[in-house]
DNA sequence: ATATCACTTGGAGTCAGCTCTAAGTTAATA
DNA sequence: TATTAACTTAGAGCTGACTCCAAGTGATAT
């Protein structure tokens, strides 16, 4: 599959895909003799993973480190787990902070509703 | 309360507090005749709010807009609610994406554990 | 043959959100 | 009185993650 098609499939730009490859989050992607990238099913699984993690705000430096270890094979599992556990911790903290903000937003929205009710109530007297 | 004290209280730097003030997320903070900021209880409530929202990733441009409306009074409630609802929607999407990544991380960590168990089991034969 | 199109590269530019620097003022301490 | 420390300002610099640009290549359509 060619770069623009893959980009479309994942809702990102070819630029971003090339950038991720340069940063070694994906690939290196095989190229035909014309120099054009041809993405395999496996490449796309990795893109899927990277996209998911990036959408959650995980840093590129982490992903790079992790994927390097992945490619090094089974004897990096212990280290990989440590990295994953650390990222999970960071992610959990962010999730909690966001949940707190979410609740606060909900409260504020409720207050707006209450205010509107009260004042429309007064109008109808 | 003086800037460095407030900064410490909220775990941020004086620079950030001055930056937020310049961007009109807080204040304007009253200054003594020496030109030094003196934060009131009300200022700090707003700092608290801004900090919470920023920690959840809400943009400064939104906070600025929202706080401007707040200061304009009751007849901006409808517009404020619209903004809040929109931000809630954005935040919800991010929360879901992060939850998905969180689950994926957990799965990967489980896989690491299983692998370690299996190989240590083999070792003990 | 020539134009169009999607691709390639290296490197520069952009953006949000801080973060730091330099130069200056003021109040308290040695 | 001189130093120190905490504050002030305007504005420059930094970081992460893209995003864009210019110049070039190669395959296809007219």
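Protein chains in written order, with the numbering used here: chain A, 143 to 267; chain B, 143 to 267. Even for Gly, the Cβ is constructed at its ideal location relative to N, Cα and C. Remember, it's a predicted structure, so these values are computed and weren't measured experimentally.
So, is residue i buried or exposed, given that buried needs 16 or more other C-beta atoms within 10 angstroms?
i: residue 347 (chain B); result: For residue 347 (chain B) there is no data in the structure shown, the boundaries of chain B being 143 and 267.
i: residue 190 (chain B); result: exposed
i: residue 240 (chain B); result: buried
i: residue 195 (chain A); result: buried
i: residue 173 (chain B); result: exposed
i: residue 259 (chain A); result: exposed
i: residue 236 (chain A); result: buried
i: residue 144 (chain A); result: exposed
i: residue 212 (chain B); result: exposed
i: residue 266 (chain A); result: At residue 266 (chain A), the pLDDT of 45 sits below 50, so the modelled position is not reliable and the matter cannot be decided from this model.
i: residue 162 (chain B); result: buried
i: residue 255 (chain B); result: exposed
Just tell me which of the options has its CA closest to the CA of residue i.
i: residue 197 (chain A); options: A:152, A:219, A:180 and A:253; result: A:152
i: residue 290 (chain A); options: A:214, A:146, A:218 and A:228; result: Only positions 143 to 267 of chain A appear in this structure, which leaves residue 290 (chain A) out of reach.
i: residue 232 (chain A); options: B:243, B:162 and B:175; result: B:243
i: residue 193 (chain B); options: B:148, B:211, B:176 and B:227; result: B:148
i: residue 246 (chain B); options: A:226, A:262 and A:246; result: A:226
i: residue 261 (chain B); options: A:256, A:217, A:176 and A:159; result: A:217
Give the residues of chain B in contact with residue i, contact being defined as C-beta atoms less than 8 Å apart.
i: residue 251 (chain A); result: 223, 226, 227 and 230
Name, please, each residue of chain B whose Cβ falls closer than 9 Å to the Cβ of residue i.
i: residue 234 (chain A); result: 244
Determine the chain A residues that contact residue i at a beta-carbon separation under 8 Å, and present them in chain order.
i: residue 262 (chain B); result: Per Cβ cutoff of 8 Å: no residues; residue 262 (chain B) is ~11 Å from chain A at best.
i: residue 241 (chain B); result: 237
i: residue 186 (chain B); result: Chain A residues near residue 186 (chain B): none, gap ~16 Å exceeds 8 Å.
Could you tell me which chain A residues have their CB closer than 9 Å to the CB of residue i, listed as they occur along the chain?
i: residue 258 (chain B); result: 219, 220 and 223
Using a threshold of 7 Å, is the CB atom of residue i nearer than that to any non-hydrogen atom of the ligand NAP?
i: residue 200 (chain A); result: With respect to the ligand NAP, the structure offers nothing, as it holds no ligand at all.
For the alpha helix (DSSP H) containing residue i, list its first residue and its last residue.
i: residue 213 (chain A); result: 202-214
i: residue 179 (chain B); result: Run containing residue 179 (chain B): none; DSSP gives neither H nor E here.
i: residue 156 (chain B); result: 156-164
i: residue 145 (chain A); result: 145-152
Kindly list, in the order they appear in chain A, the residues whose Cβ is closer than 7 Å to that of residue i.
i: residue 247 (chain B); result: 226, 229, 230 and 233
I want to know whether the stretch 202-209 of chain B touches the stretch 161-180 of chain B - three or more CB-CB distances under 8 Å. yes
Check whether the stretch 213-228 of chain B touches the stretch 243-254 of chain A, taking contact to mean three or more Cβ pairs, one atom from each stretch, closer than 8 Å. Output reads yes: the stretch 243-254 of chain A touches the stretch 213-228 of chain B.
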